[in-house]
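What follows is one structure encoded as structure tokens, with my remarks underneath.
Number of protein chains: 4
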Amino acid sequence: MKYNLMYDYAEGAHPDILHALERTNFVQQLGYGDDFYCGEAAQIIKSLLENEDAEVHFVSGGTHANLIVLSSSLRPYESVIAASTGHISIHEAGAIESSGHKINEVFVPDGKLTREKIQEVIEVHTDEHCVIPKLVYISNATELGNIYNKNEIELLSEFCRSRGLLFYMDGARLGSSIMSAYQDLKMSDLCELLDAFYIGGTKNGALLGEAIVIVNNDLKRNFRHSIKQRGGLLAKGRVIGLQFSEMFRKGLFFELAAHANKMADLLAVGIAQKGYRFYTVPQTNMLFPVFREKEILKMEENYLFYRWKKLDADETVIRLVTSWATDEKMILKFINEL
Amino acid sequence: MKYNLMYDYAEGAHPDILHALERTNFVQQLGYGDDFYCGEAAQIIKSLLENEDAEVHFVSGGTHANLIVLSSSLRPYESVIAASTGHISIHEAGAIESSGHKINEVFVPDGKLTREKIQEVIEVHTDEHCVIPKLVYISNATELGNIYNKNEIELLSEFCRSRGLLFYMDGARLGSSIMSAYQDLKMSDLCELLDAFYIGGTKNGALLGEAIVIVNNDLKRNFRHSIKQRGGLLAKGRVIGLQFSEMFRKGLFFELAAHANKMADLLAVGIAQKGYRFYTVPQTNMLFPVFREKEILKMEENYLFYRWKKLDADETVIRLVTSWATDEKMILKFINEL
Amino acid sequence: MKYNLMYDYAEGAHPDILHALERTNFVQQLGYGDDFYCGEAAQIIKSLLENEDAEVHFVSGGTHANLIVLSSSLRPYESVIAASTGHISIHEAGAIESSGHKINEVFVPDGKLTREKIQEVIEVHTDEHCVIPKLVYISNATELGNIYNKNEIELLSEFCRSRGLLFYMDGARLGSSIMSAYQDLKMSDLCELLDAFYIGGTKNGALLGEAIVIVNNDLKRNFRHSIKQRGGLLAKGRVIGLQFSEMFRKGLFFELAAHANKMADLLAVGIAQKGYRFYTVPQTNMLFPVFREKEILKMEENYLFYRWKKLDADETVIRLVTSWATDEKMILKFINEL
Amino acid sequence: MKYNLMYDYAEGAHPDILHALERTNFVQQLGYGDDFYCGEAAQIIKSLLENEDAEVHFVSGGTHANLIVLSSSLRPYESVIAASTGHISIHEAGAIESSGHKINEVFVPDGKLTREKIQEVIEVHTDEHCVIPKLVYISNATELGNIYNKNEIELLSEFCRSRGLLFYMDGARLGSSIMSAYQDLKMSDLCELLDAFYIGGTKNGALLGEAIVIVNNDLKRNFRHSIKQRGGLLAKGRVIGLQFSEMFRKGLFFELAAHANKMADLLAVGIAQKGYRFYTVPQTNMLFPVFREKEILKMEENYLFYRWKKLDADETVIRLVTSWATDEKMILKFINEL
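Residue numbers (the working numbering), protein chains in the order written: chain A, 1 to 338; chain B, 1001 to 1338; chain C, 2001 to 2338; chain D, 3001 to 3338.
Spelled out as structure tokens, the structure:
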């Protein structure tokens, strides 16, 4: 059995979550997110965000969250600006375009958008022959394992507002970003800076589920219709509400992210000490070290992970991901075998 | 606390399912449905269906299942024929149209399509100014609590094939239909008669999840792309695979449906004995009795249920739904209070 | 050669229009509707409508006009209420649904919507499981050759405003409606009563082209983007602008419609005098008389027309259409041959 | 009055076309492209293409042609590969995405796709998390005024076939490409090499209209439904059919393109002789010379043209376009004033 360092969803859920499901199992509840637990979770999250006016909605996965929020926020000819490495750009099977909207993809080597790059997109979309770029999409942590810190988000936020752009954050790995040693952004900053975002549960110890947070009032209108129309309104919404309630009630969400980060740090230090380099700076629970073919073949005997990008005939970037459930012994074993 | 007779998803999941989640929680698995449990569940379902060539895919909800299958099966100008009471016609917030396809809605008082009604639709769609009706959608059990029996399905199936129409069944409550005392259709008949269908888990004791079964080879092509593009490919696909494995391994699925039906029978007999009539014949776990306003107001003090349709100034059809978890004592209490 | 009574677009354009094209042919103009003639035509139309704030846009056909206006006016989960005989419901190959929007089709025997029927639709669309009916679509003249008079339009307009519904009129045959002997509605009433509509050129003597009029400010925003995105922004927009300028400069539009109506009146009187009845009251340039099979077969030897609807084994409704170019002698001949 | 060198659609139509419209004006015809002239034009075009099996359809504009063909050819999760300078990529207001399909944009400095660039796109789209690149879009002539010659098209065609890709050509300026001094591709080569393409009328002397040619049998199925659904089936299809008949009956199409090219050659030589350079090699009726701000400001006093791209603080690429109607005297005057 190979050990999975491929992603942060190789295991089930944190045991507390399963216990909560068991504990509440026979309590009858209303359907479609009108249940007690969704209400409770929404309230806890809003308190944490320090924003009582935000709307919180729960859906089962990240691609679905992105699809629902973006298609609900844009008029037909409005487009999304995203890094070409963005999850919506390359790894959602054209979900955004399927809803009718173009993604203006920006090439940025580290996967992080900048004001200059956004400005360049705006400048070439000048008349009715072009789409109107309307929403800026970032992932934090990014798909390349690095983060936007508070200042970077502030600059983008300010820029978006000055240009009439909506600012949205894909938080599939928000936990890992927030708990990163390099991060000064806080949960309570998010509603100040963003129009909408989602907090990822699936990749941080939930069985499944993401919490969409809508801050901008214009985007709140009939949002449940949008969820329903896209097939995302779960009859037993309680299943996700309860998990978020459990995760945020006493900080479990942050503990799990901290564990994943800690395991990644350990792994990164070990790899670096053996003399290997990284394709992007290690900041979260995803690492992108560079190895030679021979080394990778050997690792593949005992571990599962993605080959991310071939650099040349011999060298390849691989992706190593740790999770809330990663076993420290396995990390030490991995380093030891290098 | 009012007792919920509103729907069959007021409770969590059957305890065996929760135990299975717990038991397998720390076993690492591949993501996106490539895990052991999805494979196992698909195999068990195919054996039960007596069709090794069928493809089985798992998604989180029924609206999503309908949306994914239908949008994946049709060319842009092809339409769906459905009863005007069909779930896709009125209760999915325009999900099918959102994917670009018209629903040709047919008015049938009992919610059951007939060959004659389908033929009428075909006859008025004759040239390139019209859509091309291409797929017949039925729900079994229907949204009105009745069923299509084997002969009815066979006649529709034959008709569809002779007209080049795809034949699809929404099986949100397939368990209840199959276990109905009025039903002679068997699971092993389904692949003979249908091009695609789904087996509903959410409304029959699962935490969440539906199993899409694709029989027609043309519809299998790149189906996982369709799931992903619509936001339905769960990272932890194991969560649904495991539940279906658990439900079909030893017949739990059928036991749960049988319980729901038994409770509905008990309720129907009680209501009938008190002299009330039904809007549609009681055949599954959904009943549509007719009561007067005064009676309904009294029931509403202790029970949750839908007012379905106002018949006149005084009489209203209500919907009562039993589930795998319905407590017999509460049914007896309900009857007693009539 | 059979004489065409099939539709009002069997001939080319009124000669004045062709002369105008010739006269202006070598004058260089800006593209995409920014030319002098589009500007001039828009100004003339706005004066006629007595509304300087309306926006006027030109597109090449009616289905396109409907598609562009409706898809541009609605959010994804919003629907259109229309008669089941409406052009968008049955004769546009699912164009509206293709843009993602459901049409709530209402059965009205004479093809004319009423407040009661609209109200019925609203009442069954109550929550996020349903679409939100948002726009009322009527055709004037209707697809059954009758008209909405001023009072009928006023009642619908008032009703729509009180319910937050947009009110849109397909004016493919607006000329014939306005010039109908039964009509008291005037061009100058339209902007008072409607949110948007289009004035049909193709079916009233233009080579091609429809003039979309947007009254409601909310619907004006970025409308040219919507036209472009749907493929409707003609490089040589001048071709349509010039025609509308020519048609409305000195009343040609109304003269042509009056001729078509006069020919239809002549034909209707002749048919009635021979003892035949009509399926709908003859009010415009489209007639729906009822004939027996033997009679129809004989007519088909010399004339082209549609068989509209089979009433029983022997009787069939046919559709006879006159145009700006219909030859009075042919009408007399047709009557004579009855 | 400034002389328009902005585009090749500043004038009306070649006089022969207007005369043909006049000559045939009162001949009654069937609607929707079933008329005599559409049939005649299709036949002439098929003869010229030396392919009797091709299907020819007429629509009013180029963006519409692209939208209809591409959306009709692809399954929902299939994408288009195009140059980032491609008309569909940047200048059609997101029409392709609006129909649900992603465009994989490839950066190529001269706007011409290569096999290597296509291969790169294919290689990163490997599983169900990605779209499936399915159709290669090129413009010939390109948006940068250069052409694909026969060999380049053959290599791309062969490559597409070997990879299961559809190969489509936007021929908005096919006339100018075919008549280019640098071109060895012939009309009779097209059906051998492409799955579908369109022949541009609007930019080569027609009033409006493009002829879509479908070669691949799979793409022919129900194509008229696709045209209708997108709003492109003109009631008076004769208007476009007649123009193409006129243009291809005796070679007018090629004469007009030859004139435009001749004027562009004259202009290019004049510009070069004055010592200016070009951003792309002049090959068709669109030139992209580089001038300094002061020079451009002076030209703008007497001529209309686009500023294409700012190269640095002082230098800018402008676009100069000649047409079938360009006056040689004006070209000489322009050169003279340099």
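By construction, the Cβ of each residue, glycine as well, lies at the ideal position given by its N, Cα and C atoms.
Extent of the continuous alpha helix (DSSP H) run through residue i
i, result
"N217 (chain A)", "217-220"
"M2187 (chain C)", "2187-2193"
"T344 (chain A)", "The structure shown does not extend to residue 344 (chain A), since chain A spans only 1 to 338, so no value can be given for it."
"S1084 (chain B)", "From DSSP, S1084 (chain B) is part of no alpha helix (DSSP H); its letter is neither H nor E."
"A3196 (chain D)", "That residue, A3196 (chain D), is in no alpha helix (DSSP H); its beta strand (DSSP E) goes 3196-3200."
"H3259 (chain D)", "3252-3273"
"Y2037 (chain C)", "2036-2049"
"H3057 (chain D)", "Per DSSP, H3057 (chain D) belongs to no alpha helix (DSSP H); it is in the beta strand (DSSP E), 3055-3059."
Beta carbon proximity, residue i to chain A, threshold 8 Å
i, result
"F2222 (chain C)", "In the sequence as displayed, the identity of residue 2222 (chain C) is Asn instead of Phe. By this cut-off, N2222 (chain C) is an interface position."
"G1175 (chain B)", "no"
"L1198 (chain B)", "It should be pointed out that residue 1198 (chain B) corresponds to Tyr in this sequence rather than to Leu. Not one chain A Cβ lies under 8 Å of Y1198 (chain B)."
"K1262 (chain B)", "no"
Contact belief for residue i with residue j at Cβ below 8 Å, rounded distance in angstroms
i, j, result
"Y3276 (chain D)", "F3288 (chain D)", "Going by Cβ atoms, the distance from Y3276 (chain D) to F3288 (chain D) rounds to 11 Å, so no, they are not a contact pair."
"A2257 (chain C)", "S2176 (chain C)", "5 Å"
"Y1137 (chain B)", "I1081 (chain B)", "7 Å"
"F1026 (chain B)", "A260 (chain A)", "Actually they are not in contact, since the Cβ atoms of F1026 (chain B) and A260 (chain A) sit about 15 Å apart, beyond 8 Å."
"G3200 (chain D)", "A3172 (chain D)", "4 Å"
"L1185 (chain B)", "I1214 (chain B)", "Contact flag wrong, Cβ pair sits at about 19 Å."
"L1135 (chain B)", "L1165 (chain B)", "6 Å"
"I88 (chain A)", "N66 (chain A)", "5 Å"
"F107 (chain A)", "G241 (chain A)", "Actually they do not touch by this definition, with Cβ atoms about 39 Å apart."
First through last residue of the beta strand (DSSP E) which encompasses residue i
i, result
"S3139 (chain D)", "3132-3139"
"H19 (chain A)", "Not the beta strand (DSSP E): H19 (chain A) falls in the alpha helix (DSSP H), residues 15-24."
"V2213 (chain C)", "2210-2214"
"E92 (chain A)", "Here E92 (chain A) belongs to no beta strand (DSSP E), and DSSP marks it neither H nor E."
"M169 (chain A)", "166-171"
"R292 (chain A)", "290-292"
"L2320 (chain C)", "2315-2321"
is_contact[residue i, chain D] using C-beta, thresh 8 Å
i, result
"S73 (chain A)", "no"
"E301 (chain A)", "no"
"H1225 (chain B)", "yes"
Closer than 8 Å to chain C by CB, residue i
i, result
"G1232 (chain B)", "no"
"V1213 (chain B)", "no"
"I103 (chain A)", "no"
"G1100 (chain B)", "yes"
"P3289 (chain D)", "no"
"K228 (chain A)", "yes"
"T3202 (chain D)", "yes"
Closer than 8 Å to chain B by CB, residue i
i, result
"G12 (chain A)", "yes"
Contact list for the stretch 18-40 of chain A against chain D, Cβ threshold 8 Å: none
Three CB pairs or more closer than 8 Å across the stretch 192-208 of chain A and the stretch 247-265 of chain A: yes
Segment contact, 8 Å Cβ cut-off, at least three pairs: the stretch 1017-1037 of chain B with the stretch 33-50 of chain A: no
Interface positions of the stretch 39-64 of chain A facing chain B (Cβ-Cβ less than 7 Å), listed along the chain: S60, G61, T63, H64
Proximal residues, the stretch 1073-1093 of chain B versus chain C, C-beta separation under 8 Å: P1076, Y1077, S1079, I1090, H1091, E1092, A1093
Three CB pairs or more closer than 8 Å across the stretch 3121-3131 of chain D and the stretch 3092-3100 of chain D: no
Residues within the stretch 1125-1138 of chain B neighbouring chain C, beta-carbon criterion of under 7 Å: E1128, H1129, C1130, V1131
Residues within the stretch 164-193 of chain A neighbouring chain C, beta-carbon criterion of under 8 Å: none
Validate contact between the stretch 1213-1231 of chain B and the stretch 1263-1272 of chain B using beta carbons, cut 8 Å, 3 pairs: no
Chain-ordered residues of the stretch 3314-3326 of chain D with a beta carbon less than 9 Å from chain C: A3325
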